[in-house]
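Residue numbers (this note's numbering): 167 to 583.
Written out as structure tokens, the structure reads:
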């Protein structure tokens with residue numbers, strides 16, 4: 167059973183904390199960047215605007231590396247007594263953060279239900295657990311397919327038509343593969359479970375139950391999914407054998423080493439600004455169905471802070487997720503605007519009219535599911551990542567690797583049932 171934070175952080179009158187932050191309130195916020203590029207400057211700029219508008223609040227925004235690094239550094243700071251009031255961490259960290267009694271639900275800090283209801287439901291799915299909202303979306307994504315239109319033309323393919331099915335992806339991938347470049351690269355380091363979840367969804371199977379207690383790694387449809395991923399290299403020859411690096415794939419695409427890549431929409435602006443060729447962006451292809459998991463980071467409020475700090479942190483989060491700032495963040499990065507209202511701002515309407523690929527990740531929300539998340543998320547996820555890489559490198563068969571990951575997950579999750 168989850169150990170919930172105290173039922174309310176209420177004022178004497180019984181209303182939720184919505185008072186303005188008190189003078190001299192200081193906040194420490196940890197946050198990650200998972201797609202490379204100078205995005206810390208964007209965060210620093212938004213924080214500086216907030217401080218200018220709220221001179222009674224000082225914000226120490228600490229870039230902490232990737233998502234795993236950020237979780238480790240933020241929790242280490244809390245454990246060592248260093249102050250931290252909020253963080254952007256994996257949306258899938260919610261179960262573990264609740265279990266460790268480190269965060270408070272937003273429902274206990276604000277009675278602004280309209281604000282909590284203003285975000286895309288698909289982006290709220292990972293943060294809403296047992297009737298409470300534990301995480302609020304900030305840098306959120308779906309996986310999208312980037313493709314080199316010039317290479318499509320050279321291969322005699324329609325540059326306006328990306329593959330919409332697995333069969334088309336294989337067929338086009340063969341036409342696009344040459345001695346100089348591959349037809350497709352799907353990253354299998356960094357976040358291999360994320361790409362695998364997309365493939366499994368497309369094959370008609372979820373990897374986990376919606377209560378964080380059960381995984382389905384050894385289901386026949388899941389095993390078939392990993393066999394298909396491996397076949398892209400060893401059978402069809404459209405992708406490199408072994409692993410494909412998450413961190414260098416964007417550059418490989420920009421350098422013309424692959425005609426298509428699957429990656430986070432958070433890379434979109436960097437690709438737009440650096441591509442020397444005509445490129446397109448499309449939803450991921452289907453087998454049994456269309457689908458991508460959501461991804462990225464949510465804001466969390468740490469429990470071990472004062473009421474004034476929680477009120478100030480809430481004010482900062484509301485500022486950074488406001489339609490105008492969400493639009494600014496989306497344009498600067500490629501991450502989604504986290505609310506429908508963000509896409510109604512003049513800035514994002516003008517940008518997407520000029521650059522329609524910026525709408526692909528948002529439109530894919532219609533087919534999206536919550537990102538893979540369970541109790542003991544980090545360890546369960548590590549077992550799955552290891553299984554994927556063992557299969558892709560030929561160390562184990564897909565069935566053997568996934569059976570081991572399933573057995574390990576069942577051991578880890580048994581205590582929570």
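Idealized CB from N, CA, C, for every residue including glycine.
- With a cutoff of 7 Å on beta-carbon distance, residue 466 and residue 255 are scored as near each other.
- The three-state secondary structure of residue 514, taken from DSSP, is helix.
- The DSSP-derived three-state label of residue 306 is strand.
- Residue pairing of residue 378 in beta bridges, as defined by DSSP: absent, with no partner found.
- For residue 208 and residue 498, the gap between their C-alpha atoms comes out near 7 Å.
- Counting every other CB atom within 10 Å of its CB across the protein chains shown gives residue 274 a total of 16 or more, marking it as buried.
- Under the three-state reduction of DSSP, residue 446 is assigned to strand.
- Note on geometry: alpha-carbon atoms of residue 508 and residue 354 lie some 32 Å from one another.
- Contact check for residue 309 against residue 428 passes: the beta carbons are separated by less than 7 Å.
- Linking residue 247 to residue 577 through their CA atoms gives a straight-line distance of about 32 Å.
- In chain order, 288, 308, 457, 458, 459, 460 place their CB closer than 8 Å to the CB of residue 534, counting only its own chain and leaving out the 5 sequence neighbours on each side.
- Taking C-beta atoms as the reference points, residue 370 and residue 454 count as a pair closer than 7 Å.
- Excluding sequence positions up to five before and after residue 434, its CB lies within less than 6 Å of the CB of 500, all in the same chain and listed in chain order.
- Linking residue 198 to residue 230 through their CA atoms gives a straight-line distance of about 6 Å.
- By alpha-carbon distance to residue 409, the top candidate from 376, 555, 362, 193 is 555.
- Shown here, residue 201 sits in coil according to DSSP, grouped into three states, outside any helix or strand.
- Taking 7 Å as the cut-off, the Cβ atoms of residue 412 and residue 356 count as close.
- In the DSSP annotation of this structure, the continuous segment of the alpha helix (DSSP H) that includes residue 396 starts and ends at 386-400.
- Less than 7 Å separates the beta-carbon of residue 359 from that of residue 547.
- Contact annotation, residue 290 with residue 271: C-beta distance approximately 12 Å; criterion of less than 8 Å not satisfied.
- At least 7 Å separates the beta-carbon of residue 557 from that of residue 327.
- Boundaries of the alpha helix (DSSP H) harbouring residue 342: 332-342, taken from the DSSP string.
- Between residue 539 and residue 292, the gap from beta carbon to beta carbon is short of 7 Å.
- Pairing residue 348 with residue 472, the inter-Cα distance amounts to about 54 Å.
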